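Notes for the one structure printed next.
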């Protein structure tokens, strides 16, 4: 190989140019790599760079030096291979450094662009990289490329919301008090609720009051001792049960039993008096017989005053013992107007609290004519009804008529609950004879009972019913004659 020719033509084996040309080509290659990286080509192989740098010169010299190819390969094989490997490794190093530099520069520009949009736009113009036009963080706001919009968005993100409002110390306004929810408040609320229900139950105390007066035992006694008045007794027990189930009332309970003679009104009064004496005590039960306690009409005003004092003392004593007294007035048709006026003042709902907790029971035969006529004219239509249903219909039809008749006599009856008692049939009279004979120690012979019951006067048969004119009023007298 000639020295001048080798120096300018380069190696025949690998096609490397001589040293002066090699330096110049390296600079051109670096410039070309920078241009491609700026244009967006961040990845370029070593062979591509080599072809761009030396491809044109190698193609021109291939035809001229074909005949010397074998000789050049033999002499320059070792040295040319070594020079190409060194150049290739150095070129790869340059490319990697350039890529890292561009990547680091690009990241710095992007980070600087978070504070101001002008740097991002300037960096895009210098480097040739695509300019980012969309925000890095998703928001519902319209994207804006102005620096003020990006900076305000960045500040909003980093701003921490404070629940506490601060005011100047010298001002008149004060910071609002923050109410903290505590478990103690919930526990206190539950405790108050429990106490409320306990107090309410103690005031009402439904079960205790019902058990105290033993209305179940009273019901059994009335069913066993009273005949032919099941509907009236059911209505009486219902009134007592509703009233005695509580101790707080707005008015006293006033009941009035009306019916013909001999249907059992006085007997019911005696049974109630005996039962209440056993549950509330003797002093809290009063049985008042007008013909016995006040036989003279001239002493009516004194009797009225004494009765008012007696009732007042009884209700005050019952109030102290937290019990409800019972006042029974038998043969109320004989009560004088002065007595009715005194009782009317006692049962009014505008009195003090202790007078409202009392039971008044009047037994009278007033209105018996209406009851008798209604039964005799309507018995045929009521033959298929039960005792309770029959009495309910009787009360519904007779109460308006009875009330109008009684209110004309005295206003007291307007405050009372009217309970009519029906006529007794022949079967009920026979039951009265059996009970009285058993009580007196006689053998209850059926034939003898029928004979005694046949001696009683009856109304004509109406709808299959045979009603007694005097009820069981003569039973005791006839049994005593045996």
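Numbering (this note's numbering), first residue to last: 65 to 546.
Quick reminder that beta carbons are idealized off the backbone N, C-alpha and C, glycines included.
None of the values given here were measured: they were computed from a predicted structure.
query = Once you ignore the five residues that flank residue 520 on each side, which residues in its own chain have a CB closer than 7 Å to its CB?
reply = Taken in chain order, the residues that qualify are 493, 532, 534, 538.
task = Express the C-alpha separation of residue 325 and residue 423 in angstroms, rounding to a whole number.
result = If you take the alpha carbons of residue 423 and residue 325, they lie about 24 Å apart.
ask   = Does the distance from the C-beta atom of residue 331 to that of residue 484 stay below 9 Å?
value = Pairing residue 331 with residue 484 gives a Cβ-Cβ distance that is not under 9 Å.
request  = Mind reading off the beta-carbon distance from residue 350 to residue 374? Whole number of angstroms is fine, and I expect it under 8 Å.
outcome  = Right, the Cβ-Cβ distance comes to about 7 Å (below 8 Å), so this counts as a contact.
inquiry  = Could you tell me which whole beta strand (DSSP E) segments of length 3 or greater appear in the segment 267 to 352?
reply    = Within the segment 267 to 352, the beta strand (DSSP E) runs of at least 3 residues that lie entirely inside it are, in chain order, 317 to 322.
key: Residue span of the beta strand (DSSP E) that contains residue 391, given as start and end   = For residue 391, the enclosing beta strand (DSSP E) starts and ends at 390 to 394.
request  = Go ahead and label residue 477 buried or exposed: buried means 16 or more other beta carbons lie within 10 angstroms of its beta carbon, across all protein chains shown.
outcome  = Note on residue 477: 16 or more other CB atoms within 10 angstroms of its CB, so buried under the neighbour-count rule.
message = Buried or exposed, going by whether 16 or more other CB atoms sit within 10 Å of the CB of residue 383?
response = Buried: at least 16 other Cβ atoms inside 10 Å.
ask   = So what's residue 474 in DSSP terms, helix, strand or just coil?
value = When secondary structure is reduced to three states using DSSP, residue 474 falls in the coil class, being assigned neither helix nor strand.
Under the three-state DSSP convention, the category residue 524 falls into = Residue 524 falls in the coil class under three-state DSSP.
message = Considering just the uninterrupted stretch of the alpha helix (DSSP H) at residue 375, what are its terminal residues?
response = Bounds of the alpha helix (DSSP H) holding residue 375 are 364 to 385.
ask   = Taking all protein chains shown into account, do 16 or more other C-beta atoms lie within 10 angstroms of the C-beta of residue 297, making it buried, or fewer, making it exposed?
value = Around the beta carbon of residue 297, 16 or more other beta carbons sit within 10 angstroms, so the residue counts as buried.
query = Among all the DSSP beta bridges, which residues are the ones paired with residue 246?
reply = DSSP, once it has assigned bridges, lists no residue as partnering residue 246.
task = Take residue 465 and list the residues in its own chain whose beta-carbon comes closer than 6 Å to its own, dropping the five residues that flank it on each side.
result = Excluding five sequence positions before and after residue 465, the CB atoms of its chain that fall closer than 6 Å to its own CB belong to 434, given in chain order.
query = Can you tell me the Cα-Cα spacing of residue 487 and residue 344, whole angstroms?
reply = Approximately 33 Å, taken between the alpha carbons.
query = Is the beta carbon of residue 282 sitting closer than 9 Å to the one on residue 303?
reply = Result no, Cβ atoms of residue 282 and residue 303 do not sit closer than 9 Å.
request  = Give the straight-line distance between the Cα atoms of residue 275 and residue 287, rounded to the nearest whole angstrom.
outcome  = Straight through space, the alpha carbons of residue 287 and residue 275 are spaced by roughly 19 Å.
message = Can you check which of these residues, 432, 409, 333, is closest to residue 393 by C-alpha distance?
response = The residue with the shortest Cα to Cα distance from residue 393 is 333.
ask   = Which residue from 461, 460, 432, 284 puts its Cα closest to that of residue 470?
value = Of all alpha-carbon atoms in 461, 460, 432, 284, the one lying nearest the alpha-carbon of residue 470 is that of 432.
inquiry  = In the DSSP assignment, the alpha helix (DSSP H) including residue 540 goes from what residue to what residue?
reply    = Annotation: the continuous alpha helix (DSSP H) that includes residue 540 extends over 539 to 544.
Straight-line gap, residue 365 to residue 291 (C-alpha atoms, nearest Å) = Cα to Cα, residue 365 sits roughly 38 Å from residue 291.
query = How would you label residue 504, buried or exposed, when you count the other beta carbons within 10 angstroms and need 16 or more for buried?
reply = Under this definition residue 504 is an exposed residue.
request  = Would you mind reading off the limits of the beta strand (DSSP E) that contains residue 426?
outcome  = From DSSP, the beta strand (DSSP E) with residue 426 extends over 423 to 428.
query = Any idea if residue 124 is buried or exposed, counting beta-carbon neighbours within 10 angstroms, 16 or more meaning buried?
reply = Per-residue confidence for residue 124 stands at a pLDDT of 43, beneath the threshold of 50, marking its modelled position as unreliable; no derived number is given.
query = Are residue 421 and residue 313 touching if we call contact CB-CB under 9 Å?
reply = Closer than 9 Å, so yes.
query = For the putative contact between residue 456 and residue 280, defined by C-beta atoms under 8 Å, what is the C-beta separation to the nearest angstrom?
reply = The Cβ separation is near 22 Å, so there is no contact.
message = Helix, strand or coil, according to DSSP, for residue 532 in the structure here?
response = Three-state result, residue 532: strand.
inquiry  = Taking 8 Å as the limit between beta carbons, can you name the residues of its chain near residue 403, skipping five residues before and five after?
reply    = Once the five neighbours on either side are set aside, the close Cβ partners of residue 403 are 354, 358, 364, 367, 368, 371.
Best match in 479, 472, 438 for proximity to residue 460 [C-alpha to C-alpha] = Residue 460 has its Cα closest to that of 438, out of 479, 472, 438.
request  = Compute the distance between the beta-carbons of residue 542 and residue 497, then report whether it is under 9 Å.
outcome  = Between residue 542 and residue 497, the C-beta spacing is below 9 Å.
request  = Pick helix, strand or coil for residue 484, following the three-state DSSP scheme.
outcome  = Three-state DSSP puts residue 484 in a strand.
key: Alpha-carbon spacing of residue 502 relative to residue 327, whole angstroms   = CA-to-CA, the gap between residue 502 and residue 327 works out to about 20 Å.
message = In whole angstroms, give me the CA-to-CA distance for residue 247 and residue 261.
response = Going from the Cα of residue 247 to the Cα of residue 261 covers about 22 Å.
query = Tell me which same chain residues have a C-beta within less than 8 Å of the C-beta of residue 513, skipping the five on either side of it?
reply = Once the five neighbours on either side are set aside, the close Cβ partners of residue 513 are 494, 497, 498, 501.
task = Report yes if the CB atom of residue 277 is closer than 9 Å to the CB atom of residue 308, and no otherwise.
result = Yes; because the gap between Cβ atoms is below 9 Å, this pair is in contact.
task = Let me know the secondary structure DSSP gives residue 361 once reduced to three states.
result = Of the three classes helix, strand and coil, the one that applies to residue 361 here is helix, per DSSP.
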